[in-house]
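First to last, the protein sequences are chains A and B. Using the numbering used here, count along the first sequence one by one with no gaps and you end on 343. Using the numbering used here, count along the second sequence one by one with no gaps and you end on 191. Using N, Cα and C, we set each Cβ at its ideal position, and we do this for glycine too. Since the model is a prediction, treat every value here as computed from it, not as a measurement. Some notes on the structure that comes next.
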Amino acid sequence: MDWTELIFKTIFLIIIFTVTLIVAMYSTYGERKVAAFMQDRRGPNRAGPFGLLQPLADGLKMFMKEEIIPLTANKKLFIIGPSIAMTTALLTGVVIPWGGSVTIGGRIFSLQVADLNIGILYVFAMVSIGVYGIMIGGWASNNKYALLGAIRAASQMISYELAMGMSIIALVLTTGSLSLHEIVSQQHGMHWNIFYQPLGFFIFLICAFAETNRAPFDLPECETELIGGYHTEYSSMKLGFYLFAEYINMFISSAVIATLYFGGYNMPFIDQLGLSMNTATFIGTFFFFLKIFSMIFLFMWIRWTLPRFRYDQLMNMGWKGLIPLAMFNILATGIYYFFTELK
Amino acid sequence: MQNLTNRSKMVSDKKMTFLEWIYIPAIIKGMSITIRHFFGKKTTINYPEEKREFSKVYRGQHVLKRDDEGRERCTACGLCAVACPAEAITMRAAERKPGEEHLYREEKYAAVYEINMLRCIYCGDCEDACPKEAIFLTDRIVASQYERKPFVYGKDILVEPLDLNLRIDISARQTEAVHQFKSVKRYAHNK
């Protein structure tokens with residue numbers, strides 16, 4: 001890797017980092033607006049035009065709050081918890097292909113920080129480590145509600161990761177590759193994976209809701225039973241990190257869903273327009289973000305529609321519903337490809 | 001037994017059918033309801049910019065009226081304070097000195113007239129009790145404050161301005177029924 005490549009990657013990394021944070025920041029605003037609109041209210045509209053400065057005000061509030069570390073808490077772990085949650089949430093964006101390629105000064109750069117040949121596994125690894133952030137935070141708080149929330153989070157995430165992994169195996173059977181870049185380029189045109197793997201997409205979507213601890217799977221922090229769940233004892237920006245990590249996770253999982261099932265940055269009929277490479281990439285990225293935002297909207301739409309699951313219902317659905325369904329999906333896909341490949 | 005509403009439904013714990021068990025139709029139904037509300041009309045009123053229309057006889061902040069020549073109507077008889085169920089009104093009477101005829105309508109006037117807006121329940125009994133048509137409740141809203149003290153409104157806030165254009169309009173409250181009521185001498189306060 002030469003110098004220009006390195007500089008480009010560094011700048012690109014910083015851009016992704018910033019965009020992720022900004023999108024997550026405005027997701028909080030979007031969430032409040034969506035919630036308000038669905039409940040016939042107006043939502044935040046006082047800070048700045050249409051309340052657009054509300055996230056800044058919220059962030060400032062988080063920073064200004066008193067920072068409390070409980071006396072009986074394990075101080076080191078108490079600080080490490082939210083850090084892990086935030087770091088792992090941000091790390092996943094590295095493998096996602098945000099766009100095609102751009103030419104700058106005659107050189108071609110790919111709009112993906114790291115094209116790992118095991119991209120999907122990397123995403124899974126990061127998601128799994130994310131559990132540690134919640135678990136450590138809940139444990140270190142030395143509070144029964146926090147611990148209960150953390151245990152719920154861990155068991156929920158582990159249960160749904162299984163079904164999620166299985167739905168991905170079926171996808172890998174179709175694409176024949178673990179590299180996200182490869183998967184996206186295979187979906188060129190309208191060959192989106194959702195048309196080939198509708199059941200897999202459905203399972204993946206449900207599991208993504210569970211993995212990001214979003215309603216109707218927000219049991220780890222259900223305020224009616226557990227006060228605040230794993231972040232009961234957290235205050236100030238450490239609480240902000242947990243809340244923020246949730247929104248980053250939502251953004252990243254929307255991006256992953258868009259990449260795996262909705263063709264990533266591919267836009268139908270882009271070839272017929274006869275655009276230059278840079279313009280096409282730009283439009284592709286724009287289209288990718290459109291897909292991501294639609295997914296985020298779906299996340300919010302579901303959250304403000306459905307009530308929370310009961311814990312036994314959650315476990316029943318994960319183990320007795322989704323995992324057998326995912327296994328069936330793998331089997332069906334395998335049989336289909338076995339017979340079509342034979343011909 | 002008679003139903004309380006016509007929307008009541010019998011509850012049963014029958015076994016769910018397959019369609020009910022997979023929840024999907026119910027989820028889609030719920031989501032269609034929320035999306036309809038998403039684009040629906042919002043019920044919130046942006047308060048300081050928009051104001052809800054009040055009833056004509058809304059009972060808000062009080063006003064102490066002046067007569068056409070700009071003299072205070074209040075004669076500090078204390079009937080409003082007696083009538084007040086919340087004991088929000090206090091006053092101290094004073095005698096009108098020669099040369100003050102342009103200020104006060106009667107020979108006695110209220111040197112101090114205070115209403116504690118935190119105690120007031122806005123029932124309008126003071127208005128009914130007043131024989132001089134001096135005190136009225138208006139459609140103005142009592143402003144919020146950070147402390148308790150400013151809620152005790154004195155004459156500086158309560159008495160309406162001298163300027164004829166700035167007078168507080170209370171015509172909506174002086175309905176025919178009110179005039180009728182005020183003219184009947186049978187009621188104690190009108191004697």
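Could you name the residues of the same chain whose beta carbon sits closer than 6 Å to that of residue i, not counting the 5 residues immediately before and after it, in chain order?
i, result
"VAL192 (chain B)", "Residue numbering for chain B in the displayed model covers 1 to 191; residue 192 (chain B) lies beyond these limits and cannot be assessed."
"ALA111 (chain B)", "ARG92 and ALA94"
"LEU88 (chain B)", "Rather than Leu, the amino acid found at residue 88 (chain B) in this sequence is Ala. Cβ neighbours of ALA88 (chain B) beyond the five flanking positions: ILE115, ASN116, ARG119 and CYS120."
"THR212 (chain B)", "Residue coverage of chain B in this structure runs from 1 to 191, which leaves residue 212 (chain B) outside it and unanswerable."
"LEU56 (chain A)", "none"
"LEU13 (chain A)", "VAL113"
"LEU53 (chain A)", "ALA47"
"VAL23 (chain A)", "PHE251"
"LEU239 (chain A)", "HIS231"
"ASN266 (chain A)", "GLN187 and HIS188"
"LYS33 (chain A)", "GLY43"
"TYR345 (chain A)", "Here chain A covers residues 1 to 343 and nothing more, so residue 345 (chain A) does not appear."
Quick one: what's got a C-beta closer than 8 Å to residue i's C-beta in the same chain, skipping five residues either side?
i, result
"ILE302 (chain A)", "PHE209, ARG214, ALA215 and PRO216"
"GLU344 (chain A)", "An answer regarding residue 344 (chain A) cannot be provided, because it is not within the stretch 1 to 343 covered by chain A."
"GLU20 (chain B)", "ALA26"
"GLU341 (chain A)", "none"
Compare the C-beta of residue i against all C-beta atoms of chain A and say whether one is closer than 8 Å.
i, result
"HIS102 (chain B)", "no"
"HIS179 (chain B)", "no"
"HIS62 (chain B)", "no"
"PHE151 (chain B)", "no"
"PHE136 (chain B)", "no"
Classify residue i as helix, strand or coil using the three-state DSSP reduction.
i, result
"SER183 (chain B)", "helix"
"PHE18 (chain B)", "helix"
"THR138 (chain B)", "coil"
"LYS191 (chain B)", "In this prediction, LYS191 (chain B) has a pLDDT of 45, which is less than 50 and means its spatial position is unreliable; what the coordinates show is noted afterwards. Coil at LYS191 (chain B), not helix or strand."
"LEU168 (chain B)", "In the sequence on display, residue 168 (chain B) carries Ile and not Leu. The answer is coil: DSSP assigns ILE168 (chain B) none of H, G, I, E or B."
"SER128 (chain A)", "helix"
"THR103 (chain A)", "strand"
"TYR109 (chain B)", "strand"
"ASP62 (chain B)", "The question names Asp, but residue 62 (chain B) is His in the sequence shown. HIS62 (chain B) falls in the strand class under three-state DSSP."
"THR72 (chain A)", "coil"
"THR281 (chain A)", "helix"
"MET31 (chain B)", "helix"
"ARG73 (chain B)", "coil"
"THR175 (chain B)", "coil"
"THR28 (chain A)", "helix"
"MET166 (chain A)", "helix"
"TYR179 (chain A)", "At residue 179 (chain A) the sequence reads Ser, which differs from the Tyr that was named. Note: SER179 (chain A) maps to coil in three-state DSSP."
"ILE227 (chain A)", "coil"
"MET157 (chain A)", "helix"
"ALA93 (chain B)", "strand"
"PHE347 (chain A)", "Only positions 1 to 343 of chain A appear in this structure, which leaves residue 347 (chain A) out of reach."
For chain B, check one thing: does any of its Cβ atoms lie closer than 8 Å to the Cβ of residue i?
i, result
"PHE309 (chain A)", "no"
Of all the CB atoms in chain E, is at least one closer than 8 Å to the CB of residue i?
i, result
"PHE37 (chain A)", "The structure shown contains no chain E; the protein chains it does contain are A and B."
Once the 5 residues before and after residue i are set aside, which same chain residues still bring their CB inside 7 Å of it?
i, result
"GLY165 (chain A)", "PHE124"
"GLU127 (chain B)", "ILE135, PHE136 and LEU137"
"SER27 (chain A)", "TYR247, MET250, PHE251 and ILE296"
"ALA172 (chain B)", "LYS56 and VAL57"
#### Entry: Against chain A: residues of the stretch 3-35 of chain B by CB proximity under 8 Å
ILE27, GLY30, MET31, ILE33, THR34 and ILE35
### Query
Any residues in the stretch 40-53 of chain B with a beta carbon nearer than 8 Å to a beta carbon of chain A? Which ones, in chain order?
GLY40, LYS41, LYS42, THR43, THR44 and ASN46
### Query
In chain order, what residues of the stretch 104-118 of chain A put their CB closer than 7 Å to some CB of chain B?
none
### Query
Between the stretch 133-147 of chain A and the stretch 218-235 of chain A, do at least 3 Cβ pairs fall closer than 8 Å?
yes
### Message
Please identify, using Cβ separations under 8 Å, the residues of the stretch 279-305 of chain A that lie next to chain B, in order along the chain.
### Response
TRP301, ILE302, TRP304 and THR305
### Query
Are there three or more Cβ pairs, one per stretch, closer than 8 Å when the stretch 39-55 of chain A is compared with the stretch 37-45 of chain B?
yes
### Task
Quick one: which residues of the stretch 40-58 of chain A get their C-beta closer than 7 Å to a C-beta of chain B? List them in chain order.
ASP40, ARG41 and ARG42
### Task
Count the C-beta pairs between the stretch 58-65 of chain A and the stretch 278-296 of chain A that are closer than 8 Å, then say yes if the count reaches three, no if not.
no
### Message
Three or more C-beta pairs under 8 Å: does that hold for the stretch 258-268 of chain A against the stretch 187-206 of chain A?
### Response
yes
### Query
Is the stretch 138-146 of chain A close to the stretch 174-182 of chain A, with three or more CB pairs under 8 Å?
no
### Query
Can you find at least 3 beta carbon pairs, one from the stretch 293-300 of chain A and one from the stretch 318-330 of chain A, that sit closer than 8 Å?
no
### Query
Are the stretch 7-23 of chain B and the stretch 4-18 of chain A touching by the rule of at least three beta carbon pairs closer than 8 Å?
no
### Message
Within 8 Å, do at least three Cβ pairs link the stretch 266-280 of chain A to the stretch 95-110 of chain A?
### Response
yes
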